[in-house]
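In the working numbering, the protein residues as written are 47 to 627. The beta-carbon is built from N, C-alpha and C at its ideal position, and this holds for glycine as well.
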Amino acid sequence: MNKNFIKIVLFAVLIAAISGCAQPPADDTNTTEAPSEEIKLKVFHAGSLAVPLSELEAEFEALHPNVDVQRESMGSVKAVRQITDIGKKGDVIASADYTLIPSMMYPTYADWTVRFARNDMVLAYSTEKSKYADQINPENWYDILRKDDVVYGFSNPNFDPCGYRAVMVFQLAELNYGDDTIFDDLILSQTSITINEEDGSYLIKTPEDMEPNTKRVSIRPKSVELVALLEQGGIDYAFEYRSVAVQHDLGFVDLPEKIDLSSVEYADFYKKVQLETVDGNTKTGKPIVYGISVPKNALHPELGLEFVKFVIGAEGQEVFKKVGQPPIVPAVGSGNLPGALQGLVADKPSSLMVYSGAGMRKPMDEIGSLFEQKHGISVNYNYGGSNTLLSQIELTKTGDAYMPGATMYIDTAREKGFVDYEQNIAYHVPVIAVPKGNPAGVTCLNDLTKPSVKVVLGDSKAAAIGKIADKVLEKNEIFDSVNAKVAARAATVNELVVYTCMGTTDASIIWQASLIGAEDETDIIEIPTEQNIIKVIPIGALTFSENKDYAKTFVDFVTSDEGKAVFEKHGFTAYPDPKYE
47 MNKNFIKIVL FAVLIAAISG CAQPPADDTN TTEAPSEEIK LKVFHAGSLA VPLSELEAEF
107 EALHPNVDVQ RESMGSVKAV RQITDIGKKG DVIASADYTL IPSMMYPTYA DWTVRFARND
167 MVLAYSTEKS KYADQINPEN WYDILRKDDV VYGFSNPNFD PCGYRAVMVF QLAELNYGDD
227 TIFDDLILSQ TSITINEEDG SYLIKTPEDM EPNTKRVSIR PKSVELVALL EQGGIDYAFE
287 YRSVAVQHDL GFVDLPEKID LSSVEYADFY KKVQLETVDG NTKTGKPIVY GISVPKNALH
347 PELGLEFVKF VIGAEGQEVF KKVGQPPIVP AVGSGNLPGA LQGLVADKPS SLMVYSGAGM
407 RKPMDEIGSL FEQKHGISVN YNYGGSNTLL SQIELTKTGD AYMPGATMYI DTAREKGFVD
467 YEQNIAYHVP VIAVPKGNPA GVTCLNDLTK PSVKVVLGDS KAAAIGKIAD KVLEKNEIFD
527 SVNAKVAARA ATVNELVVYT CMGTTDASII WQASLIGAED ETDIIEIPTE QNIIKVIPIG
587 ALTFSENKDY AKTFVDFVTS DEGKAVFEKH GFTAYPDPKY E
């Protein structure tokens, strides 16, 4: 072999070796063999999700060796507040009440929600330690709880959806069993929680300190904390989600569907009960649905989204089925859904949230049922005074539609940027309402100034009828005379109807349609058109609705011929009408 050729080859090998020694080490991050830096994925979630998410955590980490899923379990309200109030960074938020995500996090901290699982309420107990465990059943559980030696518990309604649902169950039980002392005996007499009934609907209020009679009632921050008390014999019974009872091998009373908050079939019955928490937020009874999202402040949003996809995917569905928590298949998304979720979730909302003046309750309840039959979407209402509702909208920036008792409120909502699509429905016509037989002999507006005539009016700062009544009196130059002798101001028109029916007032100014059904207890004195102020009832779609298309569809349905026919059935005059134009 040519010696010169050998020298050349050896020289080339030597150069290559030297070059290799001088070259810096390869970047580990560009190789698939070397492990990546560990990522901590932060998940805040409802306590009732602890068992399924623990199993999914292990499976997810097996698929992503460089990921450490760090879960924090607590009441759903508290979980959301870790992000919104405390300022913690979270990659995933999972709530036992999906509505908490839009109501507490939109638009600053989140802008989409996926509904992925269901549950129902049960009364859990220890088969070994709970008193009367061998006697309790779906027909006598409330009588067992009434026993002086029985201690029962529920989680804090201000922090945990299971808690406010538990308190709702007590009132639903009254309606279902026909026993009107269940709530009184088991809630009112044992805590400082209060309740008010109005026209067949109930509003429960939970103060910061519920002052439970600790010999009978135990209240804990989250529902899963009650499990240990049951197992230790510290309490006898606790309201829990079915999945929690199953996962911890507890005995439980299988409550009727009509009160266990599980069935869409009974959605109209559930919404008869609302609960206002200490922060002023109102929760409406409805079927239990869990929600999940990736917060806007997530440190690892793409990985958080991967975790969400894993939870709602086939693996997650199997785990949830196994632990007694029915998954929603397919999951239902709403809001500004990421592209990665398109095709994985259905985008039709399960319900709409509508703020409605109290005077329209009867037609709107009927319209809600018709809308659900036609579109498969339930309608949840928040009834109240028009101005009060507007304040709630401004505070929460949630919901789908707003229907006040007069256009002045929709004008304000539009000016504030809350409404971007609106229509008119019907007329509100003020009349003088008097108890049956008109004992005070009232015949006209001027009679309201008489010292002998007791007058109750609406609160002008809360209800449309209050503001309109004041303007009618001002128009007829008798406001000062009447206002000086007003016996009371009511927050809603329905309260005025009650005052009149009970005979605790001689006269009031009320919407004519609100007196439909009260003909046996009241008489009506019409106010001449030239003395009156007739108001148009509007409805508008809210700009921050996460279901904009369906919100507009609802507005159109309410103002359609079918919707207006319902209003006419309940004593309203449909818009437009030449008589009032």
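Buried or exposed (CB count within 10 angstroms, at least 16 for buried), Gly-445: buried
Compute the Euclidean distance between the alpha carbons of Thr-495 and Ala-313, then round it to the nearest angstrom. 46 Å
State the beta-bridge partners of Glu-169 as determined by DSSP. Checking the sequence, you will find Leu at residue 169 rather than Glu. Per DSSP, Phe-285, Val-299.
Let me know the secondary structure DSSP gives Phe-366 once reduced to three states. Reduced to three states, the DSSP call for Phe-366 is helix.
Tell me the rounded alpha-carbon separation between Val-324 and Ala-212. 16 Å
For the region 87-98 against the region 284-297, do three or more pairs of beta-carbon atoms, one drawn from each stretch, fall closer than 8 Å, so that the two count as touching? yes
Just verifying my parser: in three-state terms, what is the DSSP assignment at Arg-262? coil
With C-beta atoms as the reference, is Leu-704 less than 8 Å away from Ser-201? Absent from the structure is residue 704, since the part of the chain shown begins at 47 and ends at 627.
Can you tell me the Cα-Cα spacing of Leu-307 and Phe-417, whole angstroms? 21 Å
Tyr-155 vs Ile-129 beta-carbon contact at 8 Å: Contact flag set, yes.
Am I right that Arg-161 and Ala-377 are in contact with their C-beta atoms under 8 Å? What's the rounded C-beta distance? Correct: roughly 6 Å between the Cβ atoms.
Go ahead and pull the three-state DSSP assignment for Phe-356. In this structure, Phe-356 counts as helix in the three-state DSSP scheme.
Between which two residues does the beta strand (DSSP E) harbouring Gly-379 extend? 373-381
Do you know whose CA, among Ser-396, Lys-615, Asp-255, lies nearest Glu-311's CA? Ser-396
Per the DSSP calculation, Lys-581 is bridged to which residue(s)? His-474
Give me, in chain order, the residues of the same chain whose beta-carbon lies closer than 8 Å to that of Glu-84; leave out the 5 immediate sequence neighbours on both sides. Asn-112, Val-113, Asp-114
Buried or exposed: where does Pro-207 fall if 16 or more other Cβ atoms within 10 Å of its Cβ makes it buried? buried
Provide the residue span of the beta strand (DSSP E) that contains Thr-328, from first to last. 328-330 is the extent of the beta strand (DSSP E) around Thr-328.
Per-residue DSSP class, three states only, for Ile-239: Ile-239 falls in the coil class under three-state DSSP.
Determine the direct distance from the alpha carbon of Val-543 to that of Ser-402, and round the result to whole angstroms. Cα-Cα distance, rounded: 18 Å.
Contacts around Tyr-198, its chain only, beta-carbon distance under 6 Å, and the 5 residues preceding and following it disregarded: For Tyr-198, the CB contacts under 6 Å within the same chain, skipping 5 residues up- and downstream, are Leu-191, Tyr-283 in chain order.
Looking at the unbroken alpha helix (DSSP H) that takes in Asn-428, where does it start and where does it end? Here Asn-428 belongs to no alpha helix (DSSP H); instead the beta strand (DSSP E) covers 424-430.
If you draw a straight line from the alpha carbon of Thr-173 to that of Gly-280, how long is it in whole angstroms? 14 Å
Measure from the alpha carbon of Met-256 to the alpha carbon of each residue in Asp-226, Ile-265, Val-518, then state which is nearest. Ile-265
Which complete beta strand (DSSP E) runs does the region 201-260 hold, if anything under 3 residues is left out? Segments of the beta strand (DSSP E) lying fully in the region 201-260: 240-244, 247-251.
For Ile-132, count the other beta carbons within 10 Å of its own beta carbon; 16 or more makes it buried, fewer makes it exposed. Which is it? exposed
What number of angstroms, rounded off, separates the C-alpha of Gln-278 from the C-alpha of Val-196? Looking at the two C-alpha atoms, the distance is approximately 15 Å.
Quick one: give me the first and last residue of the beta strand (DSSP E) that Ala-163 is part of. 158-164
Which same chain residues end up closer than 6 Å to Gly-405 when comparing Cβ atoms and leaving out the 5 residues on each side of it in sequence? Gly-451, Val-539, Trp-557, Ser-560
Please classify Gln-181 as buried or exposed, where buried requires at least 16 other C-beta atoms within 10 Å of its C-beta. With fewer than 16 other Cβ atoms within 10 Å, it is exposed.
Counted within 10 angstroms of its Cβ, other Cβ atoms place Ser-380 as buried (16 or more) or exposed: buried
Outcome for Gly-463 when other beta-carbon atoms lying within 10 angstroms are tallied against a minimum of 16: exposed
Helix, strand or coil at Val-488 according to DSSP, with G and I counted as helix: The answer is coil: DSSP assigns Val-488 none of H, G, I, E or B.
Cα-Cα, which of Glu-101, Tyr-427, Gln-217, Asn-204 is closest to Lys-124? Asn-204
In this structure, what does DSSP give as the bridge partners for Glu-322? Lys-251, Thr-328
Report the rounded CA-to-CA distance for Gln-438 versus Tyr-316, giving the unit in angstroms. 22 Å
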